[in-house]
Amino acid sequence: MDYTVKSFNFNTAFLLLAFAAVCVVGGDESLDTREGEDVTLKCRFNEQHSTTEFSYYWARWTVGNKFENVAIGNIQLNTNYRLDFRPDRGIYDLLIKNASYSRDNGRFECRVKAVGTGADVHQEYYNVTVLTPPQSPQVAPGNIAIATEDKRQELTCSSIGGSPDPTITWYREGSSQPIQAATNRGGSKDLQTTSTLIVTPRRDDDGVTYRCVVWNRAMPEGQRLETTVTLSVNYYPRVEVGPENPLRVERDSTAKLECFVDAKPKVSTVRWTRNGRFISSSMTHTIHRVSVQDAGKYACSADNGLGRVGEQEMNLDVLYPPVVVIESKTREAEERETINIRCNVTSNPPPVTIEWLKEGSPEFRFSGDVLTLRDVKAENAGTYICRAVNILMPHGGKRLERIGNATVALLVRHRPGRAFITPSKPVVHVGNGVTLTCSANPPGWPVPQFRWFRDIEGEVSPQTVLAQGSQYVIPRAHLGSEGRYHCHAANELGHGDMATIVLEVHQPPQFLAKLQQHMTKRVGDYNYNVTCSAKGKPRPEIIWLKNGKEITPEPNLYEVITDPVEGPNGMVTVHSTLRFHGRSRPNENQLIPGDRGLYTCLFENEVSTANSSMHLRIEHEPIVLHQYNKVAYDIRETAEVVCKVQAYPKPEFQWQFANNPATLSMSADGHYEINTTTDNNDVYTSVLKIHRLGHEDYGDYHCRVANSLETIRVTIRLQPKGPPEKPINLQAADVGPNYASLLWDPGFDGGLSNTKFFVSYRKVAVPHDDQVIGDCGSMAISSSEWMEFDCHRDIPCSVTPLEQHQSYVFKVKALNTKGNSEYSNEIATTTKVSKIPTPLHVTFDPNSRVLAINVGATCLSVMAIVESVVNGDTLQPAWQIVESIPLQVSGSAPTYKETVIEHLVTPRRSTSGRSLGGGATDDDLPLALSDELQPKVRVKLCLRQDHQRCGDYTEAKIGPSYIEQQAAIATPTLIAIIVSCVVFALFVGLLLMFCRCKRNQSKKSAAAKDYEMDSVRPSIVAQQNQAPPPYYPASGLENKALEHSMDLALAMEDQKNAVYATQNGYGYHPNAGLQVPGHTIPGNEWVNIGYMDNSYSNSNNGGSVNSQDSLWQMKMSAAASNTANLVPSHNFVERQPSYGYDPLTHGGYGAVDDYAPYPHLTTTPSQHGDDYHNIRNSQNPSRQEYCSDPYAAVHKPKKRLDQHLDSPYHDVSGLPDPYMEQMEPEDAKPPPQHMSLSYDESLESGYSTPNSRNRRVIREIIV
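Those letters in the sequence shown? Residues -27 to -1, 1 to 1236, by mature numbering (1 follows the signal peptide of the UniProt record, and there is no 0).
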């Protein structure tokens, strides 16, 4: 009750003061929240007002614009609201707890009013939005909207609810640009918001998808609600015709007019019309055998019920070749007249050419549709052709050229010309018919009349006309029809000259006497002969045949005597006799069994042939025909023993076994079976079959053959199967450049039919013949290796491949599963030449007329054929042979030949604008000067014995010859010269290095101490046939005293030579040879020998290792004058193990054991163990300070022994340092073998240094 009163009073006061006070109003502020969340609405004012002077309250406008207070003063009117009421601080905030859309979504207002007046002192507004997401959008009329082309279509997208109202946006598929659409907002979460998109669809919009996107602030960032609608547009028919427009087809072909309709809904039929007349309803209208009348416009229309018809026209273009029409087929004209003939041409497309041609005159051509001939003559008469050409290009076809033509006969009135008869040389056989045709040129118009005449007693009888007309026919010719025939042509304008031919009548051979068809004679009959004769024209030739093959005189069995006799009218009678006579016959005239056979005499001339045959049978005793008198079969096989003979009369056969006189017959147990057959050619075969062959069946079977003339007995051995017998009579049937065809008589095959043959052959020296030069036979090396060729069962057998023009020896053997035979006789043959070489170089010097030819090495005997281009009397120059040059070629080296060509001349043809003057003639001008042209010369090589077998041409180079110099240096020689030059250059380089190092060494030696020296060093150059003196090089700083003695050594060279050459105990003989295993080295071919003499030191006590280890070395020149002979390297090295001296460091020698037994191979460092390495490591480093030279010891203290041995120069004491620097461990190869001599053996050989306490022998051979 109190609350109501106070409130009433407060409100009254507030309203009263509102009009008096200044009203402060704040703008609207939006505030978002969500269901169930808390939110604070702040109301702040600056002035402090007491609660008694002012009234405070919160109000709200909710859905439906309902207004209500939610708080008055510090009292909230809803339990979900809380107040922060502190007016003294200007705070009057409203806290909304658990926000709700139905309660709190709307506008909130905070007001402060003056009590009494009611004037507004302060106002603030909040638009509170309780966020609620919208529902999924829905589209109408559905996700697939059916529309019609060009008709308006509405698409509606709606979404229910959502706070605030959602935005709805339309997009076209594939585009990100929004589409404008009308939107109707719902205003409440229970109402729907709609957006309507209005479209007017086209054909291209069919299948287009529109996207509706819905969104408000209640949705998370990036989330959208979408749906789509697809337009299904029914569109009007769109018609296309084809396959092309216009459609070009050739006449009489098939035209297919196709109608393509694009419509929705689709159409199943169309409507084809022509000139408004319906002709077809199918999509493809086919016209078979198109005619010109079918050309024109065609229309195809289609209707799918949408109210609009689609239609398209197409043009059918019918192509056809030219149709040529000439008004008249003939045109008659007078001579000297001018005529015009027109031809009319229609075609599609129009012709590209129209021209006139004339039959029989290929050169006549006239362009245009009107043929104009002026001043017509008789030769202008004939058939003229109007020819038109057009180009057709039908659809789907190739470019076609079509031709049309028409003819007109131009008849020019004129008398006929000279007549001629065809055939011009008629020949007819007796009994055959012949037709003679007469014509004239020019033929004459009007058509002439032809008359035929014949000679009577050698004269023409014009009064006797044989016939009239262009043809004269003789139905059956005889010898009396032969003679001269004439004809001529005449018309009303005159007649032409007469034509004459000679008719010749031939007669085929006609028998006057034939051979008797059957004749029987007996062996030994003598002077038998047969004769036949025939006549014919022309003379028939006679050929005698036996069994179809011509009888020749080569066997010396027959003689043929022919006697021709000429009769009247050219008839020839031929008598021919075949005599059975010859040196190969018994008594030269008796018949032999081989005379049996079919004999034929054959007459032949140009007309025909005629023959007569006789079958001659010779009575003779049986003659054995089977090849071998033995057969072979194994146990339990069925053996067939064959006895084959030739006999007349018919023989009888009997079989006997071994020595049993009983005749074998077909037994009841079937063990024996006998069959006898004949080939009706007097050849009889009796086969004895032995079934289930046993050991007792082996042996000799006797075939007894008897006829009325003779009885013979043939023994045939039955034996087990075995190896074949050797072939015999081996011969070369044919030889080519790469093959040899061999023929032989095979031996008995041992009873095995699968016997094969193998030919063995090898090369031999080519024997001298006319095709091979003399030295090639000795140059060819015979091959000792036999090669084998498998001939299988082929006889003859072609052995291939072979080398051309190479001699071979052949032999053949037989082989089967039981073994092989012996070889046949050997034969030798040489293959033919397949390729003739060509000259390597050819030059011709026009000034000296010298032709130089260079021919490579060849064994063929050839000659050079020289040809040149000669300008003779003909218009065109031609190649002619001007010289043949015999060549003396070599089979081992090229051949050079120079020849002066004296006949290389040509007669000059006179040319316009040029005169020789002074009465000069054109004869015998050199080719080089003729017409100021260089001569052309070419050369080919041909066999001397066959000038048709030649190689290819080589063109001659014009100019001086340098071939001789080129030919003088062969390729191996040129390579040797180049290698020698390289070696000489290396030697010069080494010499320069030696001189430089020697100069430096001399400078060092000049400043060193003087060393005492017991001996001096002689010259390093030895005289011929003398022992070389030793050479003492400097081997380190400790041996500088040797350098001081260099001059003295040179001065005492002769004395030292004598001392070392004759020193007792060393046995050094300059001319003695050294025997090395596998090699013999003459004494005068030693290259160098190293000596090691007494040691010299810097001190006089000689106690240091260095003073005791001076190495003397020497290079020895060859004692003989022939220094070009090189000897393979053999190295002989010995070393004293007691020395503390490393030969690797100071001498460069690869030997290890000084006193190994002889002979002994140098061992590797690994075989010496630690002793060797201790010696190596104990060396004085001062020994490495030196400058090496070609004759000084090579110092390599860090090289391994095996590396040092790898060098080809490891035992050469005088090589410069760069040779040792090139040795790398990874390139090491197995060390070469060395031999070391023992101390005693070194004394015997005599190669040691004199007066040495520890003698070493060092031997070297350097290549």
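Built from N, CA and C at the ideal position, the CB exists for glycine as well.
Once the 5 residues before and after residue 238 are set aside, which same chain residues still bring their CB inside 6 Å of it?
277
Expressed to the nearest angstrom, what Euclidean distance is found between the alpha-carbon atoms of residue 798 and residue 689?
Straight-line Cα distance between these residues: approximately 27 Å.
Start-end ranges of the alpha helix (DSSP H) lying completely within the segment 496 to 583, minimum 4 residues
none
Closest by C-alpha distance to residue 916, when choosing among 510, 791, 858, 112
858
Proximity test, Cβ basis, 9 Å: residue 214 and chain D:
Absent from the structure is chain D; it holds one protein chain and no more.
Cα separation between residue 192 and residue 139?
Distance between residue 192 and residue 139, taken at the CA atoms: about 10 Å.
Here's a check: name, in chain order, each residue in its chain whose Cβ is nearer than 6 Å to the Cβ of residue 438, leaving out the five neighbours to either side.
424
Given 8 Å, three or more beta-carbon pairs between the segment 86 to 95 and the segment 104 to 118
The answer is no - the segment 104 to 118 does not touch the segment 86 to 95, with fewer than three Cβ pairs under 8 Å.
Inter-residue Cα distance where the pair is residue 363 and residue 327
9 Å
Considering only C-alpha positions, which residue in the set 360, 769, 608 is nearest to residue 332?
360
Grab me the residues of residue 440's own chain with a C-beta within less than 7 Å of its C-beta, minus the 5 sequence neighbours each way, in chain order.
425
If you run the structure through DSSP and keep just helix, strand and coil, what is residue 164?
coil
For residue 1018, does the three-state DSSP call read helix, strand or coil?
Low confidence applies here, because residue 1018 scores a pLDDT of 38, under 50, leaving its location unreliable and the question unanswered by this model.
So, residue 535 versus residue 548, is the Cβ gap smaller than 9 Å?
The answer is yes: Cβ separation under 9 Å.
Opposite residue 196 in the DSSP bridges: which residues?
Note: residue 196 sits in no beta bridge, so no partner.
Expected contact under 8 Å - CB spacing of residue 391 and residue 468 to nearest Å:
Contact between residue 391 and residue 468 fails: their C-beta atoms lie close to 10 Å from each other, not under 8 Å.
Proximity to residue 31 [Cα-Cα], best of 654, 3, 80:
80
Among 961, 551, 177, 461, whose alpha-carbon lies nearest the alpha-carbon of residue 500?
551
Taking DSSP's pairing of strands, which residues face residue 759 in a bridge?
In the DSSP output, where bridge partners are listed per residue, residue 759 has none listed.
If you reduce the DSSP assignment to three classes, tell me which class residue 955 lands in.
helix
As assigned by DSSP and simplified to three states, the class of residue 647
When DSSP states are grouped into helix, strand and coil, residue 647 belongs to the strand group.
Counting C-beta neighbours from all protein chains within 10 Å, is the total for residue 680 16 or more, i.e. buried, or is it exposed?
buried
Which residues in the same chain have their Cβ closer than 8 Å to the Cβ of residue 147, if we skip the five residues on either side of it in sequence?
none
Endpoints, the beta strand (DSSP E) within which residue 235 is located:
228 to 235
Taking the runs of the alpha helix (DSSP H) that are 4 residues or longer, which of them lie wholly in the segment 36 to 114?
74 to 77
Roughly how many whole angstroms lie between the Cα atoms of residue 539 and residue 513?
11 Å
Please report the straight-line C-alpha distance between residue 820 and residue 871, rounded to a whole angstrom.
Those two C-alpha atoms are separated by around 14 Å.
Three-pair Cβ contact test at 8 Å for the segment 363 to 374 versus the segment 339 to 350
The segment 363 to 374 vs the segment 339 to 350: no contact.
Distance, Cα to Cα, residue 28 vs residue 15?
17 Å
Is the segment 256 to 263 touching the segment 188 to 207, taking contact as three or more C-beta pairs under 8 Å?
no
Proximity of residue 782 and residue 687 at Cβ, strictly below 9 Å
Their beta carbons are not under 9 Å apart, which means residue 782 does not touch residue 687 by this criterion.
Beta strand (DSSP E) segment containing residue 698, residue limits
Segment: none, residue 698 is in no beta strand (DSSP E) and carries neither H nor E.
So is residue 528 buried or exposed if we call it buried at 16+ other beta carbons inside 10 Å?
By the neighbour-count criterion, in which a residue is buried when 16 or more other Cβ atoms sit within 10 angstroms of its Cβ, residue 528 is exposed.
Residue 478 vs residue 545 beta-carbon contact at 9 Å:
no
For residue 812 and residue 825, what's the separation of their Cα atoms in angstroms?
In this structure, the straight-line span from the alpha carbon of residue 812 to that of residue 825 is close to 10 Å.
Are there 16 or more other CB atoms within 10 angstroms of the CB of residue 758, so buried, or fewer, so exposed?
By the neighbour-count rule (16 or more Cβ atoms within 10 Å), residue 758 is not buried but exposed.
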